[in-house]
Amino acid sequence: MSTLVEILTAADEEIRNRSLEGFARRASAETLLRECAALDRLRRESENLYEQVRALFFLYSIHRFHLPGKVGIAARGVIPFRGFEDLLHRRFHEAIETFLHHQSQGGPNEALSSGLAAAYRQLGFQTLSDQVRRSVRSIAGNQWMFRVGHPSDHPLRVRKSLLRPLESGIFPLLRETTPVRMDLTHSGWSDIFFLGMDFPEGARVLNVSIDLRVDGAGQAQSRGPRPPVEGYFRIIDRPILRLVSVDLQASAEITTFAEVFDFARDHLGLLKAALIAAGIVPPGMEGAHQPLSDLLTQLVGAGQGIELVSKVNDIPKGSRLAVSTSLLACLITVSMRATGQVRLLTGGLSEEERRLVAARAILGEWLGGSGGGWQDSGGIWPGIKLIEGRLSSEGDPEFGVSRGRLLPSHHLLGSDEISEETRQALQASLVLVHGGMAQDVGPILEMVTEKYLLRCEREWVGRQRAIGTLDEILGYLKAGDVRAIGGATERNFRGPIQTIIPWAGNLYTDRLIEQARAAFGEHFWGFWMLGGMSGGGMGFLFDPRYKAAAKVRMQEIMDATKGRMEDSVPFAMQPVVYDFAINERGTWAELHGPPSGTTRRPDGATGLMPADYYRLTVPETLRQDPWLLTPAQRAELEIFGAASGGDPALVDVLPSLLQRMMPQKQEEDSQDSLSAMLAANAFDREQHEQIRGDLRSGRIGLAQNRLPTRSLIEDVSPEEVVDATAGLPDRLGEIGAAALRGGEAAVVTLAGGAGSRWSQGAGVVKALNPFARLGGSHRSFIETHLAKSRRSGRLCGMPLPHIVTTSYLTHGAMAETLGEEDECGYSGPLLLSPGRSIGLRMVPMVRDLRFAWEETPRQVLDVQAEKVQESLHGALINWARTEGEGSDYEDNLPDQCIHPVGHWYEVPNLLRNGVLRGLLAERPQLQYLMMHNIDTVGAHVDPGLLGLHISSGAAMTAEVIHRRLEDRGGGLARIEGMVRLVEGLALPREEIEFRLTYYNTNTFWIHIDNLLETLGLARADLGDGRVVAEALGRMAARMPTYVTLKEVKKRWGRGQEDIFPVTQFEKLWGDMTALPEMDCRYVVVPRVRGQQLKEVAQLDGWLRDGSAAYVEGLCDWPD
Amino acid sequence: MEITKAVITAARRTQRSLPLQTIIDSDGVEKSVLRVLVEEVIDAGVDEICVIVYPGDEAAYAATVGEHAGRLQFVQQAEQLGYAHAVYCAREFVGGDSFLHLVGDHLYVRPNGGRCAARVVEAARAHNCSVSAVQATRETLLPYFGAVGGHRLAGQTGLYQVETVVEKPTPTEAEQRLVASGLRAGHYLCFFGIHVLTATVMEILDGLLSATDAEGADGRPGAGLYLSAALNLLARREQYLALEQRGMRLDIGVKYGLLTAQIALALNGQDRDEMLTRLLELLMARSMQEGEEPI
């Protein structure tokens, strides 16, 4: 029997928890392939969900980490396009079949393994999320919603007490307030559904419901902490669904079923998901063609409708306090109360009801395409509770499928277990903050799941320790020892959490902790990470005597640290310090309006919505003809008008309404600074208008980037490249080393871009981003490149000149950082080459958006996520039309509106800005440049490769690597008989790329004089700006211009972000290889050298497959 | 168990005229609705009948039941305090005895003739406990009925041990608490409108009515209380069964209710052919007017 199948199917827990790594490291390729065949059989035949899923992840891991590099596995291979297409369309089974078929025909190779790894991994996650969905649907109390398909069949009715208008003419208002949850223990992300359902024993968290107040917020907030989320439900006298998000400043009046299920159309997706999950519009009605008013007639009577309003009390996005899940749960609860699905209209919930709401919140998250952990709706429960996974037993829908249940159990810890004094002490010492960092926790949750299923050795030990931490903290809570809690949470952060996921920590957080400790010494009791990763919501525990001072100091520390780091780390908002209090009653509802039992809201008049609601809706109401207003609208305006004079909560609404109805000033300011920026960067308006004209007329565009379809594009043969993957002859190394000793070489690092994929358009300087811990510290890309140059300089005994190219986006920050940090301790010549060209982004053509989304192969998402995506695309196409296709994109911060124009310009910039001339004056012997991208972290001045380039006598040598699945965007090809690099944008058909064995790393060795000759220049000409400019202009005209779509983030509100596609253009250096007069050679380098880090999600694999260790081995750190 | 008494509730102010409506019964004879109900009761072997009425309706009701008038006793529900209270008004009439209970705005039809109430009484006598007639009902109709949850009695056809009773449950609650074995997905056992109840119900109602503040449609406290609340407690106190009925319960208080009831009675009685012929004639006449081919 196969060893790995034995591990997966063992009844003995100890065997079952064995890791794959130990076995796979020692096994030969042949053994591993045999094991793969057995695992593939197991994943097809086993009926047990987790055996299937673990088999899939084992297969992924073997193909991703263990087979590549083993003797007998070829590095060179071709990925069948059909398999790739299957992957894009989520036909994972077919993709696996295709790849396996090719493997059996042509033998195993790394290219096929990369395809298999991707297919097995995605199938693993797909299988898991399908199971979560099935379980949510099959929970008793949720099933009926999937059966009801016709409005006349709707079995819910809104309670009668809400249906009658009050004497004043408005309808009673049901208001739900819900605390958010804080995770006190962070048991290694054990609340991820996939973990809890397989390892319920390890799925445990201590979860506290809290009220919040942002410290120092306006006077209206001066009352103290309150529940952060609120939901309002009331009847309106129009047959529509009216949704209002007070915090996101969005409202919509919905009249069709299709709109309810259109999640990304506006910012009301969460409210729609709540309506659906609460059963008001059951999921079974998706696609119903009847008017929505038919459904409303059933629910609330003819001519009436429902209004649902959400409000978040100043808590920013990314607080790691599960604000959006809490808001979803709050809205679901208020809707379930109104329809009698919760017994009491007002007050709290029973335990059974809380569990049902939690299950509905999971359903809502799935519908909205997001998904948190199972503790996220903890705010519905009161106080402090222990949430634990439960083994599934007979009668549970999960029984026989997974070991654990989907929903955990909640044990409320009463004052007999954790005393009042301890609760007070905890509140008196904890400073809760939002550090301001923008974060995408999604990849982290996937990494956690993957490592758990693989039982990765270090991580599994870390997990066991994290589980122990919970008992330790619980013990301290029971004993009332808050100081010890601080120690335990910080040990947990430094130990188990970062052992499981190194990326949970970051330089920003480390600096905050360091400064807190320096400022408060022993009175700082410890750091506490909330949620998925640090940098956003965090806790700092202090001696209660110092808490007041600590709150002030932490704000200062965070502001200053953010100020220093905001160019290198994506921040979504200014850091804030909260006031918080434990909420001991959980979610709670009050009815406002009816004469009996009327409760006057402390912050508003009876029966009225919160003040911000009127700021948002009154202007719109006032713009209507008065005679179109319904009686209830009229009555509400009347009451609002009367109340706004005297009610302190409403008193400042009227003045702000005027401002709102006549905005603009701010926009003008922003326009001014954009114009200034364009002027400062010598923006070429004439060229811009030319490009716009070409774009609008269809002469350029995404489709026009491509070479003619009849072009003959072939793969190159191995003889046309030099293979350096197994090393180069010593002779070449000696030539290269001699050149280095003689000071003939320099490095050029391309760092003009913002790395839009790295931070999803957040606009930070990628070069400065501290991306990983190397040599014991967090290191940025530029530090890493300089450390490699430092080592090269040391080894050859001659400091290596290092040029870093910059652009308007990066120059200031780079100059400042390199100056501040003593040029990162770099002793050789370190030069910045500022960019000289910028472009102004444009609103994309609908034609190009459709081309990108509909005609080019793209990854199809999970069913629900795909629906959300489609709806978003519809909204963005609409946005492009309304803004004006091809018009200037100016509705953002100025530096988000302009763009660098591609790395082709970087070498010309070196010539134009005098940097190369200066260096040549200093080192006339300089002859060779190694130019590479900022994210090619493995590239260094390798003497062998330099020797190869020198001995070839070529103008340029380009480095390529063997293609794997993730290497998209062109490669090395023979086009019409000429070997050259080709951009993915230029390939007439997608499948051509898959025939190309080699991928372009964008690392080039350049012979300076030969290049100058190609440009029609000589060294002596470099002093004459006009001659240089003319020569470069001639060359630029020969280079193709590519139109591309980029994503930019627009930040607004409190940490909210929207992503827009914008059009820009670029010219790329690889096209120089197409010049017949340019003598170019190609060398295949090892993957660890040539691969690029484009996305944060790649980091974990990069660390695990030995690439990080390889880079560390190339570096000399200044410390 | 001896069952000699019956309680018919007909005091709802808005539906006072319903029992007075005339209808052709399945035997082809024209009768008032109340008389049909009274005959249902008599056929079940029950003689003493108490009708809960709106004050002043007694004479009109007595006049519509012909020779059965002598068996009727009228009790007034002076204040509109809801259904549970209406049943409770009969407490003195019931005394310590078990009783048959029907609602005045429903008629019942069994597919093969025979009376529905008689089956319920028979089951109550046989098992010596309270029995409510129920019918498997689609979840979309839950807003109109009380529903029971329980398990099937072993070796008995159509009999369930009642564990929970909920008035007009939401489907959410129904799925969690009212699942009964042997029913199709999304179907629940909903009340048919016929019950045999022990006098314990009156005791329970007594307690509930004095404690509750459930608000009725007119805003009065107590008026929102349904009989189901009492039956839910009854299920915890003593043996309480539900008998699945195959017949039809016809609510004459809804739109076209009386007409539908009339058609159903006719189709299940001696005038079946005549009713069918008339319905067909109506359909044909309509088709021909619209220029369609005759059926």
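Protein chains in written order, with our numbering: chain A, -3 to 1115; chain B, 18 to 312.
Here a beta-carbon is modelled for each residue, glycine too, at the ideal position from N, C-alpha and C.
- Taking every protein chain shown into account, the CB of Pro540 (chain A) has 16 or more other CB atoms within 10 angstroms, so this residue is buried.
- A direct Cα-Cα distance of roughly 50 Å separates Ile496 (chain A) from Arg913 (chain A).
- A residue is called buried when at least 16 other Cβ atoms come within 10 angstroms of its Cβ; Arg303 (chain B) does not meet this threshold and is exposed.
- Distance check between Thr721 (chain A) and each of A:Pro64, A:Leu828 and A:Leu770 places A:Pro64 closest, using alpha-carbon atoms only.
- Setting aside the 5 residues that flank it on each side, Leu38 (chain A) is surrounded in the same chain by Val1, Leu4, Glu47 and Ala51, each with a C-beta closer than 7 Å to its C-beta; the list follows chain order.
- Taking a contact to require three or more Cβ pairs closer than 8 Å, the segment 459 to 466 of chain A and the segment 487 to 494 of chain A qualify as touching.
- Taking a C-beta distance under 9 Å as the contact criterion, Ala150 (chain B) and Phe209 (chain B) qualify as a contact pair.
- Taking a beta-carbon distance threshold of 9 Å, Gly73 (chain B) does not count as an interface residue toward chain A.
- Nearest in C-alpha terms to Glu1062 (chain A), of all of A:Arg356, A:Pro1082, A:Arg1083 and A:Ala1033, is A:Ala1033.
- The beta carbon of Glu192 (chain B) sits closer than 9 Å to some beta carbon of chain A.
- In the same chain as Arg289 (chain B), and ignoring 5 residues on each side of it, the C-beta atoms closer than 8 Å to its own belong to Ala283, in chain order.
- Straight-line measurement puts the Cα of Trp623 (chain A) at about 15 Å from the Cα of Glu632 (chain A).
- For the set B:Ala252, B:Tyr257, B:Leu222 and B:Asp122, the Cα lying nearest the Cα of Gly241 (chain B) is the one of B:Leu222.
- When the Cα atoms are used, Ser247 (chain A) and Ile509 (chain A) turn out to be separated by approximately 41 Å.
- A straight line joining the alpha-carbon of Leu770 (chain A) with that of Gly184 (chain A) spans about 23 Å.
- Along the segment 127 to 141 of chain A, going in chain order, the ones with a CB nearer than 7 Å to a CB of chain B are Ala136, Gly137, Gln139 and Trp140.
- Around the CB of Asp44 (chain B), fewer than 16 other CB atoms lie within 10 Å, so the residue is classed as exposed.
- Secondary structure of His150 (chain A) (DSSP, three-state): coil.
- Across the structure, Gln570 (chain A) and Asn309 (chain A) are spaced so that their CA atoms are roughly 16 Å apart.
- Close to Val144 (chain A), with beta-carbon spacing below 9 Å, are these residues of chain B in chain order: Glu156, Thr157, Pro188 and Gly203.
- Just measuring C-alpha positions, the residue of B:Arg108, B:Val82, B:Leu170 and B:Ile69 sitting nearest Val148 (chain B) is B:Leu170.
- The criterion of a C-beta distance shorter than 9 Å is not satisfied by Gln294 (chain A) and Ser411 (chain A).
- Counting the other Cβ atoms within 10 Å of the Cβ of Met810 (chain A) gives 16 or more, which makes it buried.
- Each residue's CA atom was taken as its position, placing Glu139 (chain B) and Leu352 (chain A) some 41 Å apart.
- As the crow flies, the alpha-carbon of Ser829 (chain A) is around 6 Å from that of Val911 (chain A).
- Between Leu736 (chain A) and Ser785 (chain A), the beta carbon gap of about 11 Å keeps them out of contact (Cβ cut-off 8 Å).
- For Leu907 (chain A), the uninterrupted alpha helix (DSSP H) run begins and ends at Glu902 to Arg908, by DSSP.
- A straight-line Cα-Cα distance of about 21 Å links His895 (chain A) and Phe777 (chain A).
- Proximity of His285 (chain A) to chain B, defined by a Cβ-Cβ separation below 9 Å, is not satisfied.
- Inclusion of His406 (chain A) and Arg356 (chain A) in the CB contact set at 9 Å is not warranted, their separation being larger than that value.
- Inclusion of Ala434 (chain A) and Ser755 (chain A) in the CB contact set at 9 Å is warranted, their separation being smaller than that value.
- For Arg177 (chain A), the pairing in a beta bridge is given by DSSP as A:Ser205.
- Contact between Leu968 (chain A) and Tyr1078 (chain A) holds: CB atoms are separated by about 6 Å, below the 8 Å threshold.
- For Asp8 (chain A), the secondary structure class from DSSP, reduced to helix, strand or coil, is coil.
- Proximity of the segment 101 to 108 of chain B to the segment 22 to 42 of chain B meets the contact definition, three or more beta-carbon pairs being nearer than 8 Å.
- Burial of Asp392 (chain A) is indicated by the presence of at least 16 other C-beta atoms within 10 angstroms of its C-beta.
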